[in-house]
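Quick notes on the structure that follows.
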Amino acid sequence: MAAERSRVVLVRAKKGPPASAAAPDATTLREMVEHGLRELADTPDVAAAWSRYFTRDDTIGIKVNCLGGPRICTSPALAEATARSLSALGIQPKHVYVWDRSARELARCGYSLNWKDPGRVQCVATDIQGVDYERDLSVFGSIGSRLSRVLTSTVSAQINMPILKDHGICGITGALKNMFGAIHNPNKYHEDRCDPFIADVNALPQIRKKNRLVIFDALRIQYNGGPGFKPQWVEEPGWILLSEDPVAVDTVAATLLDRIRKKHGLPPIEKDGGLPAYIRTAADREHALGTARWESIDFREKTL
Amino acid sequence: MNRREFLTASLAGTGVCMLGGGGLLRLRGSTAGGDLWNAAFADQDEELVEARYYTKLEHQDVLCRLCPRECRVGDRERGYCGVRENRRGVYYTLVYSRLCAEHVDPIEKKPFFHFHPGTFAYSIATAGCNMNCKYCQNWDISQVRPEQVRSVSRTPGECAAKAKESGALSVCYTYSEPTVFYEYMYDTCGKARAAGLKNIMVSAGFISKEPLADLCGVLDAVKIDLKAFSDSFYKTICRGKRQPVLDAMKTLRTRGLWMEIVYLVVPTLNDSPEEMRQLCRWALGELGPDVPLHLSRFFPTYLLTNLPPTPVDTLERLHGIAREEGLHYVYIGNVPGHAMESTYCHACGTRVIKRSGYNVTIERLAKGGLCQACGTKIPGIWA
Numbered sequence: 000m001a002a003e004r005s006r007v008v009l010v011r012a013k014k015g016p017p018a019s020a021a022a023p024d025a026t027t028l029r030e031m032v033e034h035g036l037r038e039l040a041d042t043p044d045v046a047a048a049w050s051r052y053f054t055r056d057d058t059i060g061i062k063v064n065c066l067g068g069p070r071i072c073t074s075p076a077l078a079e080a081t082a083r084s085l086s087a088l089g090i091q092p093k094h095v096y097v098w099d100r101s102a103r104e105l106a107r108c109g110y111s112l113n114w115k116d117p118g119r120v121q122c123v124a125t126d127i128q129g130v131d132y133e134r135d136l137s138v139f140g141s142i143g144s145r146l147s148r149v150l151t152s153t154v155s156a157q158i159n160m161p162i163l164k165d166h167g168i169c170g171i172t173g174a175l176k177n178m179f180g181a182i183h184n185p186n187k188y189h190e191d192r193c194d195p196f197i198a199d200v201n202a203l204p205q206i207r208k209k210n211r212l213v214i215f216d217a218l219r220i221q222y223n224g225g226p227g228f229k230p231q232w233v234e235e236p237g238w239i240l241l242s243e244d245p246v247a248v249d250t251v252a253a254t255l256l257d258r259i260r261k262k263h264g265l266p267p268i269e270k271d272g273g274l275p276a277y278i279r280t281a282a283d284r285e286h287a288l289g290t291a292r293w294e295s296i297d298f299r300e301k302t303l
Numbered sequence: 000m001n002r003r004e005f006l007t008a009s010l011a012g013t014g015v016c017m018l019g020g021g022g023l024l025r026l027r028g029s030t031a032g033g034d035l036w037n038a039a040f041a042d043q044d045e046e047l048v049e050a051r052y053y054t055k056l057e058h059q060d061v062l063c064r065l066c067p068r069e070c071r072v073g074d075r076e077r078g079y080c081g082v083r084e085n086r087r088g089v090y091y092t093l094v095y096s097r098l099c100a101e102h103v104d105p106i107e108k109k110p111f112f113h114f115h116p117g118t119f120a121y122s123i124a125t126a127g128c129n130m131n132c133k134y135c136q137n138w139d140i141s142q143v144r145p146e147q148v149r150s151v152s153r154t155p156g157e158c159a160a161k162a163k164e165s166g167a168l169s170v171c172y173t174y175s176e177p178t179v180f181y182e183y184m185y186d187t188c189g190k191a192r193a194a195g196l197k198n199i200m201v202s203a204g205f206i207s208k209e210p211l212a213d214l215c216g217v218l219d220a221v222k223i224d225l226k227a228f229s230d231s232f233y234k235t236i237c238r239g240k241r242q243p244v245l246d247a248m249k250t251l252r253t254r255g256l257w258m259e260i261v262y263l264v265v266p267t268l269n270d271s272p273e274e275m276r277q278l279c280r281w282a283l284g285e286l287g288p289d290v291p292l293h294l295s296r297f298f299p300t301y302l303l304t305n306l307p308p309t310p311v312d313t314l315e316r317l318h319g320i321a322r323e324e325g326l327h328y329v330y331i332g333n334v335p336g337h338a339m340e341s342t343y344c345h346a347c348g349t350r351v352i353k354r355s356g357y358n359v360t361i362e363r364l365a366k367g368g369l370c371q372a373c374g375t376k377i378p379g380i381w382a
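As structure tokens, this is what we get:
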């Protein structure tokens, strides 16, 4: 990561955001994903772009974030659009698993659970029977957690698909924080602004190796009062962000969040205007999960 | 399907789930899975019990006041314990009547050595804990959420009936951390007492003053796991704080509940003679000399696997210090057959109760807890 700049691509729809972030237009979303992907991978061909991150033999997980409920969750349409786009690489719907920790939370957010119909994208949760967490602990630094077997046993590679929320404890909810949904005990790791816990979780080899790409749902942003949904502090810029580097994309996301907060007369998420501590920790030598230095980030903004 | 039926069904299913491998692929072709969770979660909402000791805040946040951690919890979030959840500004306990462990144990296993020795305790737990000790022996139930562990439904009344039926003298709230299943424990205490049973709790004592004060009215005895006498140990090894635990112990003593202390001696981390002296001097000053202190042997487990078991001579050295400082009843635990498992009259030194593991022989203890050799009252609650 050190020698090369980490690319982060922000894509917005041509005519402003999709009609509604709650029910975005599927075609537009797929175009946004593919546009961003081509820019990220430096190729005009969608299949070639996907092949930079996955092979046609992969079973791909899409880890969404549904904790906040239907009004502030990863858009099911974005997950679906991404899954459909993967067909360009020859990956069939039955080999794409959209997942989160809880079936109830997925269903509340409008996801249609499916593990029976091979003609559709699979959609599962760690808490449904027969899935569960690993029985053994995975340990790194200060954390010891059981990982979801969706991640460890079912998928061979993964797209991390977080949402962007202000978070009263740790600063922001983004790509790195989304991996708390892959462990059995996230409630134990919210002390000290989640630092170094979030970085430690992402440094687990099972997560580090399988997470190949972040497609960040910033169609709707909770810019204050998070992580729960607070309608008075929601903005719908209609963005998605793509990157291979979870630290870089979180760095960009935090910066964008601060810009929005400033526009609304709110203070930055960190008193000193810097990054949340856990993002900086994720970039340190021990974790080496990516870069948090703006000068090492190749940030590109694109409009359809 | 009601909640009880679901739990029964899911227990049967979980056996497969726990033993099975291969992840989601095993589910294909299953006809049960999807329908089951829907029924379960739809029903669960109706069965939840509102938590006690919390304050409603703006924007549907709540402030939990059950333990000194005082988690501020947003909508749809849970506190540190993982078993209390905010749903639209109302805080619920998710473990009421949801037992994940249920056994009949010798009371010495808790350990209680001065509370009805030789009797049995109907011992129960739910998932969850408000600390995260790196050496937790029961981490597979204490460090998980309720939905991540097998459980059975047992109302407080059913618990009391089961305990009575088992022949136990007491109901013991133990294994994980009873503080986090407070509402269930409290209500069960009431039912158990009405059935003529004693109520005893095994806890780390990391609980706020108000709930503890209320709990004192329904408990008979408490065993406190004092993790160390340094705040840094509490912070780094257990993710807790020392002072609230010391305060809780003083409250228990003031309220007249029988209390015993367990101190797990972890090599290099809390085994210094200085720390033991400080602990003993504090206990002597604040609790008196008669509160039994159990010095237990550590074995590597959970996240603390890089340390050896506590050498027995370390335990013996600390035992000597505690006696030297003036504590009357100091025991060595987790070393079956050790002479310091037995109870010796603090006045004349006569062995009044002989123990070897869970084998208990009342040797020279008269009715009412008097030493048969010298007539001194041995502190405790005796038959």
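Chains A and B, in that order, are what the protein sequence lines are. Once you know that position 248 of the first sequence is 247 in numbering that gives the first Met the number 0, the rest is easy, because the numbers rise by one and skip nothing. Once you know that position 52 of the second sequence is 51 in numbering that gives the first Met the number 0, the rest is easy, because the numbers rise by one and skip nothing. Even for Gly, the Cβ is constructed at its ideal location relative to N, Cα and C. In this text the structure is predicted, and so the values were computed from the model without any measurement.
Item                                                                                                           : Value
Simplified DSSP assignment, three categories, for Glu424 (chain B)                                             : Outside the shown range of chain B, which is 0 to 382, sits residue 424 (chain B), and nothing can be said about it.
Chain B contacts from the segment 120–134 of chain A (Cβ-Cβ distance under 7 Å)                                : Val123, Asp126, Ile127, Gln128, Gly129, Val130, Asp131, Tyr132
Three-state secondary structure (DSSP) of Glu49 (chain B)                                                      : strand
Cβ contact (3+ pairs, closer than 8 Å) linking the segment 114–122 of chain A and the segment 76–95 of chain A : yes
CB contact below 8 Å: Leu62 (chain B) versus chain A                                                           : no
Buried or exposed (CB count within 10 angstroms, at least 16 for buried), Asp165 (chain A)                     : buried
Backbone CA spacing between Lys133 (chain B) and Gly129 (chain A) [nearest angstrom]                           : 29 Å
Proximal chain B residues relative to Glu190 (chain A), where beta-carbon distance stays under 8 Å             : Tyr79, Arg238
Closer than 7 Å at the beta carbon, the chain A residues around Asp312 (chain B)                               : Simply none; closest approach about 31 Å.
For Arg350 (chain B), the first and last residue of its enclosing beta strand (DSSP E)                         : 350–355
Residue from A:Gly68, A:Leu288, A:Arg55 whose Cα sits closest to the Cα of Gln91 (chain A)                     : A:Arg55
Neighbourhood of Phe40 (chain B) by C-beta, 6 Å cutoff - its chain only, sequence neighbours within 5 removed  : Note on Phe40 (chain B): pLDDT 41, under 50, position unreliable in the model; the coordinate value appears next. Nothing meets the Cβ criterion.
Counted within 10 angstroms of its Cβ, other Cβ atoms place Ala382 (chain B) as buried (16 or more) or exposed : exposed
Alpha carbon of Asp34 (chain B) to alpha carbon of Val94 (chain B), nearest angstrom                           : With a pLDDT of only 33 at Asp34 (chain B), under 50, the local geometry of the prediction cannot be trusted, and the value read off the model is given with reservation. Roughly 23 Å separates the two Cα atoms.
Exposed unless 16 or more other CB atoms sit within 10 angstroms - verdict on Ser242 (chain A)                 : buried
Distance between Leu214 (chain B) and Phe119 (chain B) (C-alpha atoms, nearest Å)                              : 22 Å
DSSP three-state assignment for Tyr90 (chain B), whether helix, strand or coil                                 : strand
Within chain A, the residues that Asn131 (chain B) reaches when beta carbons sit closer than 7 Å               : Lys187
Residue-chain proximity (Val143 (chain B), chain A), Cβ-Cβ < 8 Å                                               : yes
Distance between beta carbons of Leu218 (chain A) and Gly237 (chain A), contact taken as under 8 Å             : 5 Å
Span separating the alpha-carbon of Ser295 (chain A) from that of Gly273 (chain A)                             : 16 Å
Short CB-CB distance (under 8 Å) between Gly227 (chain A) and chain B                                          : yes
Beta-bridge pairing of Arg83 (chain B) - partner residues as DSSP gives them                                   : B:Thr92
Pairwise C-alpha distance: Phe228 (chain B) and Gln231 (chain A)                                               : 47 Å
Cutoff 8 Å: Arg75 (chain B) Cβ touching any chain A Cβ                                                         : yes
Leu302 (chain B) at chain A interface by Cβ criterion, 8 Å                                                     : yes
Own chain, CB closer than 6 Å to Ser295 (chain B), minus 5 neighbours either side, in chain order              : Val261, Leu263, Gly332, Asn333
Residue from A:Arg207, A:Glu133, A:Phe228 whose Cα sits closest to the Cα of Asn184 (chain A)                  : A:Glu133
Counted within 10 angstroms of its Cβ, other Cβ atoms place Val10 (chain A) as buried (16 or more) or exposed  : buried
Rounded separation between Gly284 (chain B) and Gly374 (chain B) - CA only                                     : 26 Å
Distance CB(Ile206 (chain B))-CB(Thr178 (chain B)) smaller than 8 Å                                            : yes
Between the CA atoms of Lys108 (chain B) and Val15 (chain B) - distance to the nearest angstrom                : Because the pLDDT of Val15 (chain B) is 26, which lies under 50, any placement of that residue in the model is unreliable, and the number read from its coordinates should be weighed accordingly. Computed Cα separation, rounded: 31 Å.
Neighbourhood of Glu362 (chain B) by C-beta, 7 Å cutoff - its chain only, sequence neighbours within 5 removed : Arg350, Val351, Ile352, Lys353
Selected residue, minimal CA-CA separation from Ile182 (chain A), among A:Asp297, A:Asp131, A:Arg51, A:Ile127  : A:Asp131
Under 9 Å by beta carbon: chain B residues contacting Gly273 (chain A)                                         : The contacting residues do not exist; Gly273 (chain A) stays about 23 Å from chain B at best.
Alpha-carbon to alpha-carbon, Pro116 (chain B) and Ser341 (chain B)                                            : 11 Å
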